[in-house]
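Presented below is the structure to which this report refers.
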Amino acid sequence: MTLDAALAIGETVTLGRHTFEADEIKAFASKYDPQRFHVDEEAAKASVFGRLCASGWHTAAMWMKHTVASFPATAERARARGATLTFGPAAGLRELKWLKPVYVGDTITFTRTAESHRALVSKPGWRLLSSRCEAHNQNGEPVMRFVSLTLVKAE
Amino acid sequence: MTDTKIAYEDFEVGGTIEFGPRAVLAEEMIDFATQYDPQPMHLDQAAGEASLLGGLAASGLFTASIFMRMMCDGYLLNSTSQGSPGLDYVNFRRPLMAGDTVRGRTTVLSKRESASRPGLGFVSVKHELFNQNDELVCEMANTGMFLMRDGGAAA
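Below, the structure is given as structure tokens:
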């Protein structure tokens, strides 16, 4: 077993897709990001975005949902390569970019590509995994991109 | 109305904005995790205690999301904000635990007027979230877009 293989370094995984509806956009935003262009169709028309669009944190949260849903498949692939994976908490995000608005009715496809990993001196046995995370709309346009830093154990 | 809003001109380099406090309840953390990040350490006390987080701890995206809400209530909703294209970094420095009470601080790092859009300016800031023991829980940095007073009157 190599760690690179166990962690699927360089492999892009399509995590799933989600169509953003007005109700959930407004429900998320009313709790966490009640700026007018995320909660009110009429006000959104007058805003720089022109139409109701999702909070960037909502898009990020949906990426996370699909990532967690993919954990069993990720673990199974690692097992087939001779390793047992344990998923730990997130350490941070880097270069988070909301490239285009996610509008009502947009269908977003989420991907993750593991890029590199290193041992964590402070937490023996754990590694810090760096992954490129992306979301594209139904026209193939990138809407969100970031690097996630997550703790993981591969044994 | 417009003059009472915080506009580009009101941000001073080196200046800070304090916001909060906000109590964080186990049920809202679990509610978020159930929808977006259903890992056992974010859902269950015993699983949290057995994890690196040492107790029932929030999803990093929940921490980011309530941080966003606190900024909205603290000043963004009462500003000429035109949103943000992303963040340079987000660091989860220590877990946000059920029952914590957090407060936030935004520090202005730099600002500049848009060369291409008259009436618009970019404000680069660092945000910090502290728990009730004044320990840093989360930090992030971004560049937000704000209208100037005159630009705001036109919008």
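Keeping their order, the protein sequence lines are chains A and B. Sequence positions in the first sequence follow my numbering and run 58 to 212. Sequence positions in the second sequence follow my numbering and run -17 to 137. C-beta atoms are modelled at their ideal positions from N, C-alpha and C, and glycine is treated no differently. These numbers were taken from a predicted model, which means no experiment stands behind them.
Since residue 71(B) meets chain A, which of its residues come closer than 9 Å, beta carbon to beta carbon? Position 89 of the second sequence holds residue 71(B). Simply 149, 150, 151, 152, 153.
Excluding the 5 residues flanking residue 27(B) on each side, which residues of the same chain have their C-beta closer than 6 Å to its C-beta? In the second sequence, counting from the first residue as 1, residue 27(B) sits at position 45. Excluding sequence neighbours, residue 27(B) sits near 38.
Can you list the residues of chain B that residue 67(A) reaches, using a CB-CB cut of under 9 Å? For this step, residue 67(A) is matched to residue 10 along the first sequence. Those within 9 Å of residue 67(A) in chain B number zero; the least Cβ separation is about 24 Å.
Cβ neighbours of residue 105(A) in the same chain (closer than 6 Å, five flanking residues each side left out): Working through the first sequence from its first residue, we reach residue 105(A) at position 48. The beta carbon of residue 105(A) is closer than 6 Å to none in its chain, skipping five residues each way along the sequence.
Mind checking whether residue 127(B) and residue 102(B) have CB atoms under 9 Å apart? Against the second sequence, residue 127(B) aligns to sequence position 145. Against the second sequence, residue 102(B) aligns to sequence position 120. Yes, the Cβ-Cβ distance between residue 127(B) and residue 102(B) is below 9 Å.
Which residues of the region 129 to 147 of chain A have a Cβ closer than 9 Å to any Cβ of chain B? Give them in chain order. Those would be 144, 145, 146, 147, in chain order.
Drop a sphere of 10 angstroms on the beta-carbon of residue 32(B), count the other beta-carbons inside from all chains shown, and report buried for 16 or more, exposed for fewer. Counted from its first residue, the second sequence places residue 32(B) at position 50. Per the 10 Å Cβ criterion, exposed.
So what's residue 71(B) in DSSP terms, helix, strand or just coil? Along the second sequence, read from residue 1 onward, the residue named residue 71(B) stands at position 89. It is a strand residue.
From which residue to which residue does the beta strand (DSSP E) around residue 154(A) run? Within the first sequence, the letter at position 97 stands for residue 154(A). Where residue 154(A) is concerned, the enclosing beta strand (DSSP E) starts and stops at 142 to 155.
Same chain, Cβ closer than 7 Å to residue 104(B), neighbours up to 5 away in sequence not counted: Taking the first residue of the second sequence as position 1, residue 104(B) is located at position 122. Only residues of its own chain outside the window of five on either side were considered, and among them 93, 94, 96, 125, 127 have a CB closer than 7 Å to the CB of residue 104(B), listed in chain order.
Look up residue 82(A) in the DSSP assignment and say whether it is helix, strand or coil. In the first sequence, residue 82(A) corresponds to position 25, counting from 1. Here residue 82(A) sits in helix by DSSP.
List, from N- to C-terminal side, the beta strand (DSSP E) runs of 3 residues or more that fit wholly inside the region 158 to 207 of chain A. The region 158 to 207 of chain A contains these whole beta strand (DSSP E) runs: 164 to 176, 184 to 193.
C-beta neighbour in chain A for residue -17(B), strict 9 Å: Stepping through the second sequence from its first residue, residue -17(B) is reached at position 1. Low confidence applies here, because residue -17(B) scores a pLDDT of 48, under 50, leaving its location unreliable; read the following figure in that light. For residue -17(B), the answer is no, since every Cβ of chain A falls outside 9 Å of its Cβ.
Does residue 74(B) have its Cβ less than 9 Å from a Cβ in chain A? The residue labelled residue 74(B) in the question sits at position 92 within the second sequence. At a cut-off of 9 Å between C-beta atoms, residue 74(B) counts as an interface residue with respect to chain A.
Where residue 123(B) falls: helix, strand or coil (DSSP): Locating residue 123(B) in the second sequence gives position 141, where the first residue counts as 1. Of the three classes helix, strand and coil, the one that applies to residue 123(B) here is strand, per DSSP.
What would DSSP say about residue -17(B), mapped onto helix, strand or coil? In the second sequence, residue -17(B) corresponds to position 1, counting from 1. Note on residue -17(B): pLDDT 48, under 50, position unreliable in the model; no value is reported.
For residue 190(A) and residue 55(B), the rounded distance between their alpha carbons: The count along the second sequence starts at 1 and reaches residue 55(B) at position 73. The count along the first sequence starts at 1 and reaches residue 190(A) at position 133. Straight across, the Cα-Cα distance linking residue 55(B) with residue 190(A) is about 29 Å.
In whole angstroms, what separates the C-alpha of residue 24(B) from that of residue 99(B)? Numbered from its first residue, the second sequence carries residue 24(B) at position 42. Numbered from its first residue, the second sequence carries residue 99(B) at position 117. Residue 99(B) has its alpha-carbon roughly 43 Å from the corresponding atom of residue 24(B).
Which one or two residues does DSSP pair with residue 77(A) in a beta bridge? Against the first sequence, residue 77(A) aligns to sequence position 20. According to DSSP, which records beta bridges pairwise, residue 77(A) is partnered with nothing at all.
Please list, in chain order, the chain A residues whose beta carbon lies closer than 7 Å to that of residue 48(B). Locating residue 48(B) in the second sequence gives position 66, where the first residue counts as 1. Listed by position along chain A, the residues whose Cβ is nearer than 7 Å to that of residue 48(B) are 89.
Leaving out five residues before and five after residue 110(A) in sequence, what residues of the same chain have Cβ atoms less than 8 Å from its Cβ? Taking the first sequence and counting its residues from 1, the one referred to as residue 110(A) is at position 53. Excluding residues within five positions, the ones whose Cβ falls inside 8 Å are 82, 94, 95, 101, 158, 159, 160, 161.
Terminal residues of the beta strand (DSSP E) in which residue 104(B) lies: As a working note, residue 104(B) is residue 122 in the second sequence. Unbroken beta strand (DSSP E) run through residue 104(B): 102 to 112.
If we define contact as Cβ-Cβ less than 9 Å, is residue 147(B) a contact residue for chain A? Residue 147(B) is absent from the model: chain B starts at -17 and stops at 137.
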